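Following: one structure in structure tokens, then a few remarks.
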Amino acid sequence: MRKPQALIFDWDNTLVDSWPSIHQALTETLVAMGHPVWSLETTQERVRLSLRDSFPKLFGERWTEARQIYLDAFRAIHLEQLRPLPGREALVKDLDAAGYFLAIVSNKTGPLLRLEVERLGWEPHFRRTIGANDAAADKPRREPVDMALSDSGIEAGDAVWFVGDTAVDMECAHNSGCVPVLLGDFDPALPEFEECKPLLAFHDCSSLFSHLRTL
101 MRKPQALIFD WDNTLVDSWP SIHQALTETL VAMGHPVWSL ETTQERVRLS LRDSFPKLFG
161 ERWTEARQIY LDAFRAIHLE QLRPLPGREA LVKDLDAAGY FLAIVSNKTG PLLRLEVERL
221 GWEPHFRRTI GANDAAADKP RREPVDMALS DSGIEAGDAV WFVGDTAVDM ECAHNSGCVP
281 VLLGDFDPAL PEFEECKPLL AFHDCSSLFS HLRTL
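If you want this note's numbering, it's the position in the sequence shown, counting the first as 1, plus 100.
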């Protein structure tokens, strides 16, 4: 395996713990729309796609109304509840210092995503921060990856690692021709990854960085 020139990271639950704010905002939305409330475990299992891809299936013709309810609820809480996952800040800083091109591709709405990156003071480490609705299509399509790499001189391929925590991230890596890398305490043999397997899997940041140093 060649040493990558670029690493593209998912944001939610890859670099930061977003489940509390996502679950709270989604609960308010489900109640307002007259839907049964999900458990936190159900939210963690089902939330994968962007609002424009997931809400029409969940709320039908009223999906734009539901989207506004969700966004209003999320904006009210997300910055206060935002927490980096263990070791992620050090990982981002070390990778940037090592000279890698770093970017974020997330299914979180673009302006909200960039507010969170700014809140943590991480914006100097990432060359591009691409969220939902920034590109013509969202993950798992390849368009946001191409946007993240635009003007970098780096083409999507085996010189780019896409690092995430879900099958949607792995599928996005496959769709864009990048190396799919699973980060977190997940078993790559789980059924979720059956269709789009990670090529590499790391349980923590130190093992990912250590592996990079061997290439």
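Think of the CB as a built atom: it goes at the ideal place given N, C-alpha and C, for glycine as much as any other residue. For clarity, every value in this text was computed on a predicted model and none was experimentally measured.
Helix or strand or just coil, what does DSSP make of residue 186?
-> Within the sequence shown, residue 186 is the residue found at index 86, counting from 1. Coil at residue 186, not helix or strand.
For residue 207, does the three-state DSSP call read helix, strand or coil?
-> Residue numbering aside, residue 207 sits at position 107 when the sequence shown is read from its first letter. Strand.
Can you give me the start and stop residues for the beta strand (DSSP E) that residue 108 sits inside?
-> Indexing the sequence shown from 1 puts residue 108 at position 8. It spans 106-109 - the beta strand (DSSP E) in which residue 108 sits, taken as one unbroken run.
For residue 264, which residues does DSSP report across the bridge?
-> The residue you call residue 264 lines up with position 164 of the sequence shown. Note: residue 264 sits in a beta bridge opposite 282.
Excluding the 5 residues preceding and the 5 following residue 175 in the sequence, name in chain order all residues of the same chain whose CB lies nearer than 8 angstroms to its CB.
-> Counting from one through the sequence shown, the residue named residue 175 turns up at place 75. Once the five neighbours on either side are set aside, the close Cβ partners of residue 175 are 212.
Sort 252, 197 and 162 by Cα distance to residue 135 and report the nearest one.
-> In the sequence shown, residue 135 corresponds to position 35, counting from 1. Checked all of 252, 197 and 162; the closest Cα to residue 135 is 162.
Contacts around residue 208, its chain only, beta-carbon distance under 7 angstroms, and the 5 residues preceding and following it disregarded = Position 108 of the sequence shown holds residue 208. The residues are 111, 112, 231 and 232.
Alpha-carbon to alpha-carbon, residue 281 and residue 271 | As a first step, residue 271 is located in the sequence shown; it is residue number 171 there, counting from the start. As a first step, residue 281 is located in the sequence shown; it is residue number 181 there, counting from the start. Going from the Cα of residue 271 to the Cα of residue 281 covers about 11 angstroms.
Let me know the beta strand (DSSP E) ranges lying completely inside the segment 213-247, each 3 residues or longer, listed in chain order.
-> 228-232
Sort 242, 268, 114 and 140 by Cα distance to residue 125 and report the nearest one.
-> For the purposes of this step, residue 125 is taken as the residue at position 25 of the sequence shown. Measuring from the Cα of residue 125, the nearest candidate turns out to be 140.
Residue 126 - containing alpha helix (DSSP H), residue span = Position 26 of the sequence shown, counted from the start, is the residue given in the question as residue 126. Unbroken alpha helix (DSSP H) run through residue 126: 119-132.
Once you ignore the five residues that flank residue 252 on each side, which residues in its own chain have a CB closer than 6 angstroms to its CB?
-> Translated into positions along the sequence shown, residue 252 becomes position 152. Correct list, in chain order: 201.
Check whether residue 259 and residue 105 have beta carbons under 7 angstroms apart = Translated into positions along the sequence shown, residue 259 becomes position 159. Translated into positions along the sequence shown, residue 105 becomes position 5. Contact flag set, yes.
Quick one: measure Cβ to Cβ for residue 120 and residue 181, integer angstroms, because I've assumed they're closer than 8 angstroms.
-> Numbered from 1 along the sequence shown, position 20 holds the residue referred to as residue 120. Numbered from 1 along the sequence shown, position 81 holds the residue referred to as residue 181. Between residue 181 and residue 120 the Cβ distance is about 5 angstroms, and since that is below 8 angstroms, they are a contact.
From residue 266 to residue 256, what distance separates their C-alpha atoms?
-> Stepping through the sequence shown from its first residue, residue 266 is reached at position 166. Stepping through the sequence shown from its first residue, residue 256 is reached at position 156. Distance between the alpha carbons of residue 266 and residue 256: 20 angstroms.
Who are the Cβ neighbours of residue 131 in its own chain at under 7 angstroms, not counting the five residues just before and after it?
-> Locating residue 131 in the sequence shown gives position 31, counting from the first residue. Cβ within range, chain order: 137.
For residue 128, which residues of its own chain have a beta-carbon under 6 angstroms away from its beta-carbon, when the five flanking residues on both sides are left out?
-> The count along the sequence shown starts at 1 and reaches residue 128 at position 28. Here the set comprises 173.
Where residue 140 falls: helix, strand or coil (DSSP) | Here residue 140 refers to the residue found at position 40 of the sequence shown. In the displayed model, residue 140 falls within a helix according to three-state DSSP.
Taking C-beta to C-beta, are residue 148 and residue 268 nearer than 7 angstroms?
-> Taking the sequence shown and counting its residues from 1, one reaches residue 148 at position 48. Taking the sequence shown and counting its residues from 1, one reaches residue 268 at position 168. Going by C-beta atoms, residue 148 is nearer than 7 angstroms to residue 268.
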